[in-house]
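Visitor:
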Amino acid sequence: MAFFKQYLLLLCLNQMASGLFRFMGALGRNIIVANTFGSFALLAVLVMGGFILSREDVQKWWLWGYWVSPMMYGQNAIAVNEFLGKSWSHVPPNSTESLGIMILKSRGVFIEPYWYWIGVGATIGYIFLFNFFYTLALQYLDPFGKPQAILSKEALAEKTSHRTGDSIELSSRGKNSSDSRNESRRSVSSRTLSARVGSITEANENRKRGMVLPFEPLWITFDEITYAVDMPEEMKTQGVTEDRLQLLKGVTGAFRPGVLTALMGISGAGKTTLMDVLAGRKTGGYIEGNITISGHPKKQETFARISGYCEQTDIHSPHVTVYESLVYSAWLRLPPEVDSSTRKMFVEEVMELVELTSIREALVGLPGVNGLSTEQRKRLTIAVELVANPSIIFMDEPTSGLDARAAAIVMRTVRNTVDTGRTVVCTIHQPSIDIFDAFDELFLLKRGGEEIYVGPLGRHSTHLIKYFEEIDGVPKIKDGYNPATWMLEITAAAQEVALGVNFAEIYKNSELYGRNKALIKDLSTPPAGSKDLFFPTQYSQSFFSQCMACLWKQHLSYWRNPP
């Protein structure tokens, strides 16, 4: 019994110390200031904690510090729990007190047993107190320095290049493609863009039945999406007169189940911005336009429950295994109707899908130090989102920082995810030929946030190449050249100036744009008999279940990496 009481007290002390230093960090708002606060707090708490100076040694005018020190309550509770136990119950000769009580009195520690529970209660009180002040500091204390709008490097580079007229000059390619290759490309049958709602549902019905946890295939449409932020002060001082910086300009498209879409564009095109707007991750700025989920207006609180987002940076707890990471995510994000055994079966299925079964017991570790490789972390990031059983998944640069072999493994995982009938959208910067061929459709943006091609790629990118080569002045692609690289080169701002064309206007006047608008109109109408998504609670699990999951994971991390 004494062991469990000791463990409870140490757990409370750990949480109390964590809350104290979180509060110091939020109060300091700067690493130097926070370190100063932390050093002073550590000195005061330890000196007044009753160990370095006993209660009798503290001067009267400093005695208040002894009573407010959280370490004092922990120190007394630990001492009482230890020295009032059976191991110290021996009574020495010529004494009426046990050995434990004599030791407690020699250090000025209270000898009453109830001081253990006083210590536990006090540390729990300090946990709530420090976390309360921590929350207040985060809410009301502004960062040091002058506040300013946050812009990505891409957006800033875009605005600067437009203002100064800087551009990269590209040499025009000759039209040296053979007629036979062009004829071969044109002979490939065109993939239809006018897929209707009924065919989408039918195509994914069999996939739904094969899952341990069935999901509802959903599609997302967006029409005339614009996004702007307040103009940064530093740009206003450079002569910019506009009040807002436009990052997306009337973007229109649709992402469908079972179709892997590549979201591409040069730096500053707004790839990640568009994905963040659709995913509801933009909390500032000005968003206009219409977004629907399977024909129903998008509601962010509902959309967050049926979507996943794989960030470019892989953030994982280092001291848990691959399997435990997935169990933790599934525990928090699957509905309470899914029991533990079904949840674990689904985790096993996801691990097999993303090829993580062979390393299920491996610790995640720290990036670049130990544990999983970069490619394995990417797949774990995808799996962490998949165990939530989402219908729509956004992936930001899933192959960034990977060599050709690792990127191919990750793309195979992404392809497996799409084949389950989910809607998957990936931002890709400059993929290899093999990776580019893995995608079904392309959503291409130009610098400034305007779409210039939205449609199918075709086998070996034949549809994409045919579309751009039909534009007057666009150089033909060379044999064996990467279509993705060629596409980005010919649509660069410098090439637009050289050709005297506007690819965004050409797309808006094309037959492809008309077919896309018709498709969006069809997909923006809810299927007959369908109902808007609704969840009775804000979160999948109750507050108690969330606490249990977090304590379970913290226990594993604490056990494997004690302070």
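Using full-length UniProt numbering, you'd call the opening residue of the sequence shown number 1 and step up by one each time. All C-beta atoms in this analysis are idealised placements derived from N, C-alpha and C, irrespective of residue type, glycine included.
Alpha carbon to alpha carbon, what distance is there between Gly449 and Leu9?
Guide: One-based indexing of the sequence shown puts residue 9 at position 9. One-based indexing of the sequence shown puts residue 449 at position 449. Cα to Cα, the separation comes out at about 56 Å.
Visitor: Leaving out the 5 sequence neighbours to the left and right, which residues in its chain are closer than 8 Å to Glu441 when beta-carbon positions are compared?
Guide: The count along the sequence shown starts at 1 and reaches residue 441 at position 441. Result list for Glu441: Val259, Leu260, Thr261, Ala262, Val454, Gly455, Pro456, Leu457, in chain order.
Visitor: Helix, strand or coil: how does DSSP classify Val497 here?
Guide: Taking the first residue of the sequence shown as position 1, residue 497 is located at position 497. Helix, per DSSP.
Visitor: Under a three-way DSSP split, which group does Pro319 fall into?
Guide: The residue labelled residue 319 in the question sits at position 319 within the sequence shown. Residue identity differs from the one stated: residue 319 is His in this sequence, not Pro. Coil, per DSSP.
Visitor: Quick one: any contact between the region 335–348 and the region 391–398, if contact means 3 or more CB pairs under 8 Å?
Guide: Touching, no, given that fewer than three Cβ pairs across the two stretches are closer than 8 Å.
Visitor: So, Leu248 versus Gly270, is the Cβ gap smaller than 8 Å?
Guide: Position 248 of the sequence shown, counted from the first residue, corresponds to residue 248. Position 270 of the sequence shown, counted from the first residue, corresponds to residue 270. For Leu248 and Gly270, yes; Cβs fall inside 8 Å.
Visitor: So who's on the other strand from Tyr286, going by DSSP bridges?
Guide: In the sequence shown, residue 286 corresponds to position 286, counting from 1. According to DSSP, Tyr286 bridges with Ala228.
Visitor: Of the choices Asn416, Gly421, Leu445, whose alpha-carbon is the least far from that of His429?
Guide: Here residue 429 corresponds to residue number 429 of the sequence shown, with the count starting at 1. Among Asn416, Gly421, Leu445, the Cα nearest to that of His429 is on Leu445.
Visitor: Which residue or residues does DSSP assign as beta-bridge partners of residue 579?
Guide: Since the displayed the chain opens at 1 and closes at 563, residue 579 lies outside it and no answer follows.
Visitor: Measure from the alpha carbon of Thr427 to the alpha carbon of each residue in Asp419, Tyr513, Val251, Phe436, then state which is nearest.
Guide: Numbered from 1 along the sequence shown, position 427 holds the residue referred to as residue 427. Comparing Cα positions, the closest option is Phe436.
Visitor: What residue range does the alpha helix (DSSP H) around Ser39 cover?
Guide: Here the question's residue 39 lines up with position 39 in the sequence shown. First-last of the alpha helix (DSSP H) with Ser39: 31–47.
Visitor: In terms of DSSP beta bridges, what is Glu441 paired with?
Guide: Mapped onto the sequence shown, residue 441 falls at position 441. DSSP lists Thr261, Pro456 as partners of Glu441.
Visitor: Measure from the alpha carbon of Gly253 to the alpha carbon of each residue in Glu234, Met275, Arg244, Thr237, then state which is nearest.
Guide: Along the sequence shown, one-based indexing puts residue 253 at 253. Among Glu234, Met275, Arg244, Thr237, the Cα nearest to that of Gly253 is on Met275.
Visitor: Thinking C-beta only, is Val410 closer than 8 Å to Leu402?
Guide: Numbered from its first residue, the sequence shown carries residue 402 at position 402. Numbered from its first residue, the sequence shown carries residue 410 at position 410. Contact: yes.
Visitor: Starting from Phe255, follow its DSSP beta bridges and name the residues at the other end.
Guide: Residue mapping note: residue 255 aligns to position 255 of the sequence shown, counting from 1. Answer by DSSP bridge pairing, in chain order: Ile220.
Visitor: Counting C-beta neighbours from all protein chains within 10 Å, is the total for Val327 16 or more, i.e. buried, or is it exposed?
Guide: Here residue 327 refers to the residue found at position 327 when the sequence shown is read from its first residue. Buried, because 16 or more other Cβ atoms sit within 10 Å of the Cβ of Val327.
Visitor: If you check the beta carbons only, do Glu451 and Val251 fall under 8 Å apart?
Guide: Residue mapping note: residue 451 aligns to position 451 of the sequence shown, counting from 1. Residue mapping note: residue 251 aligns to position 251 of the sequence shown, counting from 1. Contact: yes.
Visitor: Do you know how far the Cα of Glu505 is from the Cα of Lys521?
Guide: Position 521 of the sequence shown, counted from the first residue, corresponds to residue 521. Position 505 of the sequence shown, counted from the first residue, corresponds to residue 505. The alpha-carbon atoms of Lys521 and Glu505 are separated by roughly 21 Å.
Visitor: Whole angstroms are fine: how far does the CA of Gly100 sit from the CA of residue 651?
Guide: Coverage of the chain is limited to positions 1 through 563, which leaves residue 651 absent and any answer about it impossible.
Visitor: Please name the residue, chosen from Gln300, Leu380, Gly265, Arg447, that lies closest to Val277 on a Cα-to-Cα basis.
Guide: Start at 1 with the first residue of the sequence shown, and residue 277 comes out as number 277. Taking only the C-alpha atoms, the option nearest Val277 is Gln300.
Visitor: If Gly38 and Ser69 are in contact, beta carbons under 8 Å, what's the gap, nearest whole angstrom?
Guide: Mapped onto the sequence shown, residue 38 falls at position 38. Mapped onto the sequence shown, residue 69 falls at position 69. About 16 Å; that fails the 8 Å criterion.
Visitor: Would you please state the rounded distance, in angstroms, between the beta carbons of Ile291 and Ile220? I believe it to be under 8 Å.
Guide: Within the sequence shown, residue 291 is the residue found at index 291, counting from 1. Within the sequence shown, residue 220 is the residue found at index 220, counting from 1. Right, the Cβ-Cβ distance comes to about 7 Å (below 8 Å), so this counts as a contact.
Visitor: Note down the Cα distance separating Leu488 from Val229, rounded to an integer number of angstroms.
Guide: In the sequence shown, the residue the question calls residue 488 occupies position 488. In the sequence shown, the residue the question calls residue 229 occupies position 229. One C-alpha to the other measures close to 26 Å.
Visitor: Straight-line CA distance for Arg244 to Ile287?
Guide: Position 244 of the sequence shown, counting from 1, holds the residue named residue 244. Position 287 of the sequence shown, counting from 1, holds the residue named residue 287. C-alpha separation (whole angstroms): 12 Å.
Visitor: Determine the direct distance from the alpha carbon of Ser87 to that of Pro113, and round the result to whole angstroms.
Guide: As a first step, residue 113 must be located in the sequence shown, where it is residue number 113. As a first step, residue 87 must be located in the sequence shown, where it is residue number 87. Near 15 Å, if we compare the C-alpha coordinates of Ser87 and Pro113.
Visitor: Which class does Ser307 belong to by DSSP, given the choice of helix, strand or coil?
Guide: Against the sequence shown, residue 307 aligns to sequence position 307. Strand, per DSSP.
Visitor: By DSSP, does Arg207 sit in helix, in strand, or in coil?
Guide: Your numbering for residue 207 matches position 207 in the sequence shown. With a pLDDT of only 43 at Arg207, under 50, the local geometry of the prediction cannot be trusted, and the value read off the model is given with reservation. If DSSP states are grouped into helix, strand and coil, Arg207 belongs with the helices.
Visitor: Can the beta-carbon of Cys310 be found closer than 8 Å to that of Ile266?
Guide: As a position in the sequence shown, residue 310 is number 310, starting the count at 1. As a position in the sequence shown, residue 266 is number 266, starting the count at 1. No, they are not a contact pair.
Visitor: Buried or exposed for Ala2, please, with buried defined as at least 16 other CB atoms from any protein chain shown within 10 angstroms of its CB.
Guide: Translated into the one-based positions of the sequence shown, residue 2 becomes position 2. Classification for Ala2: exposed.
Visitor: By DSSP, does Gln555 sit in helix, in strand, or in coil?
Guide: For the purposes of this step, residue 555 is taken as residue 555 along the sequence shown, with counting starting at 1. It should be pointed out that residue 555 corresponds to His in this sequence rather than to Gln. Helix.
Visitor: Got a sec, what are the start and stop residues for the alpha helix (DSSP H) Met411 sits in?
Guide: Position 411 of the sequence shown, counted from the first residue, corresponds to residue 411. Unbroken alpha helix (DSSP H) run through Met411: 404–419.
Visitor: Is it right to say Cys12 is buried, meaning 16 or more other beta carbons lie within 10 angstroms of its own, or is it exposed?
Guide: Counted from its first residue, the sequence shown places residue 12 at position 12. Buried, since its Cβ has 16 or more Cβ neighbours within 10 Å.
Visitor: Mapping the DSSP letters down to three states, classify Ile520 as helix, strand or coil.
Guide: In the sequence shown, counting from the first residue as 1, residue 520 sits at position 520. Residue state, collapsed to three classes: helix.
Visitor: Here's the rule I'm using: 16 or more other beta-carbon atoms within 10 Å means buried, otherwise exposed. How should Phe543 be labelled?
Guide: For the purposes of this step, residue 543 is identified with residue 543 of the sequence shown, where counting begins at 1. Classification for Phe543: exposed.
Visitor: Could you check if Ile490 is buried or exposed, using at least 16 other CB atoms within 10 Å of its CB as the buried criterion?
Guide: Within the sequence shown, residue 490 is the residue found at index 490, counting from 1. Buried, because 16 or more other Cβ atoms sit within 10 Å of the Cβ of Ile490.
Visitor: Contact defined as beta carbons within less than 8 Å: I believe Phe23 pairs with Phe133. What is the distance between those atoms, to the nearest angstrom?
Guide: Within the sequence shown, numbered from 1, the residue matching residue 23 stands at position 23. Within the sequence shown, numbered from 1, the residue matching residue 133 stands at position 133. Correct: roughly 5 Å between the Cβ atoms.
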